[in-house]
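S.K.: Input: one structure, supplied below.
There are 2 protein chains.
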Amino acid sequence: MSSDIENKCLKKGVRLTDQRKVIAKIMSESNDHPDVDELHKRVNNLDSKISIATVYRTVKLFEEAGIVAKHDFKGNKARYEQTTLDHHDHLIDINTGEITEFVNEDIEKLQKKVAEKLGYKLVDHRLELYGSKIKK
Amino acid sequence: MSSDIENKCLKKGVRLTDQRKVIAKIMSESNDHPDVDELHKRVNNLDSKISIATVYRTVKLFEEAGIVAKHDFKGNKARYEQTTLDHHDHLIDINTGEITEFVNEDIEKLQKKVAEKLGYKLVDHRLELYGSKIKK
DNA sequence: ATAATTGCAAATGCTTTGCTTGTGA
DNA sequence: TCACAAGCAAAGCATTTGCAATTAT
């Protein structure tokens with residue numbers, strides 16, 4: 082059974098090795114935002130011989146192919162997630178590290194407007210909210 | 082003549098050494114967002130014996146005292162600026178690296194609202210726009 | 001066949017730290 | 001005086017890379 086990411090690799094002409102298939106499968110199944118260490122652990126459950134160097138190389142390759150997205154949240158190592166159709170930003174729980182995704186079109190529009198007012202074409206952006214859970 | 086940052090140190094009870102005075106002066110005079118290497122170079126023009134370790138330690142100290150702000154823009158080393166009264170965000174020119182500061186109250190409000198809707202109290206945030214200059 | 005990929009260990013780049021000597025309040 | 005700070009070099013940490021062996025197409 083080929084994973085979602087595996088199919089994207091085929092489409093983009095990314096050569097599929099056994100290691101890449103395993104990493105693709107793990108990332109396709111992950112609904113969180115694992116860092117390389119965590120990915121390596123999960124990958125090693127399926128094939129314990131895959132090195133962390135290969136995970137680093139593969140994750141970078143996938144990122145350059147637009148298949149996965151890399152995030153450098155505050156004070157942490159890089160974390161990855163499969164690219165989705167929709168654009169979303171992240172809210173990070175400062176106590177637990179838990180990540181919630183959100184979409185807000187109004188903010189998107191304002192960002193574009195701000196950039197244009199300053200004489201720039203908006204190419205990319207980064208919006209992260211850091212908060213603590215409100216107990217009710 | 083004591084610098085702006087030097088005064089803040091006095092107010093916060095941060096011990097003032099010769100090295101810290103020099104670093105404070107340099108940062109007070111800087112209107113850009115220098116990284117530690119750049120700060121070290123500027124500082125060494127006034128006192129060539131100040132080590133980069135001291136710059137690292139001092140910049141961290143100032144940050145913890147709320148005197149300077151640290152930014153980790155995409156793909157770069159940490160950069161610093163003196164904290165100002167107003168809160169502002171940054172637009173980074175993807176071609177030149179040039180940084181423009183901006184303030185947008187509407188975006189701020191929306192961020193707070195988004196966090197609350199998700200059950201969080203907004204504690205901190207990060208908003209960076211990346212763009213390329215529009216030629217006219 | 002053969003250019004690309006892997007695993008390993010060593011190298012990297014930024015940042016922090018241990019230790020000894022120096023110094024501000 | 002004496003707890004704290006500075007300078008130096010070594011250590012840390014995440015990530016990248018050189019090289020010889022292996023593999024996908």
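For the protein sequence lines, the chains are A and B, in the order given. The first sequence begins at 82 in our numbering and counts up one residue at a time. The second sequence begins at 82 in our numbering and counts up one residue at a time. Think of the CB as a built atom: it goes at the ideal place given N, C-alpha and C, for glycine as much as any other residue. Computed from a prediction, not measured in an experiment: that's the story for all the values here.
1. Measuring alpha carbon to alpha carbon, tell me which residue in A:ASN157, A:PHE143, A:ILE86 and A:VAL136 is nearest LYS122 (chain A).
2. Look at LEU208 (chain A) and LEU172 (chain B) and say whether their C-beta atoms are less than 7 Å apart.
3. Does the beta carbon of LEU142 (chain B) come closer than 7 Å to any beta carbon on chain A?
4. By DSSP, does ARG160 (chain A) sit in helix, in strand, or in coil?
5. Between VAL204 (chain A) and TYR211 (chain B), is the Cβ-Cβ spacing less than 7 Å?
6. Say whether the segment 112-121 of chain A touches the segment 151-165 of chain A, bearing in mind that this needs 3 or more beta-carbon pairs closer than 8 Å, one atom from each stretch.
7. Does the beta-carbon distance from SER67 (chain A) to SER109 (chain A) come in below 7 Å?
8. Is the separation between the beta-carbon of ASP187 (chain A) and that of LEU191 (chain B) shorter than 7 Å?
9. In chain B, which residues lie with their C-beta within 7 Å of the C-beta of ASP187 (chain A)?
10. Looking at chain A, is there any beta carbon in it that lies within less than 7 Å of the beta carbon of THR181 (chain B)?
11. Look at the alpha carbon of ASP128 (chain B) and the alpha carbon of ALA196 (chain A), and state the distance between them as a whole number of angstroms.
12. Could you name the residues of chain A that GLU24 (chain B) contacts, counting a contact when the two beta carbons are closer than 7 Å?
13. Ignore the nearest five residues each way along the sequence and tell me which others in ASN176 (chain A)'s own chain have a CB closer than 6 Å to its CB.
14. Nearest chain B C-beta to LYS102 (chain A) closer than 7 Å, yes or no?
15. What is the DSSP secondary structure of PHE154 (chain A), reduced to helix, strand or coil?
16. Could you please give me the residues that DSSP links to VAL149 (chain B) through a beta bridge?
17. Of all the CB atoms in chain A, is at least one closer than 7 Å to the CB of GLY147 (chain B)?
18. Could you give the distance in angstroms between the alpha-carbon of GLU145 (chain A) and the alpha-carbon of LYS130 (chain A)?
19. Would you grab the beta carbon distance between ILE86 (chain B) and ILE148 (chain B) for me? Rounded to a whole angstrom, and I think it's under 8 Å.
M.R.: According to the structure shown:
1. A:VAL136
2. no
3. no
4. strand
5. yes
6. yes
7. This structure leaves residue 67 (chain A) out entirely; chain A is present only between 82 and 217.
8. yes
9. LEU191
10. yes
11. 40 Å
12. Outside the displayed range of chain B (82 to 217) lies residue 24 (chain B), so it cannot be described from this structure.
13. SER213
14. no
15. coil
16. B:GLN163
17. no
18. 25 Å
19. 6 Å
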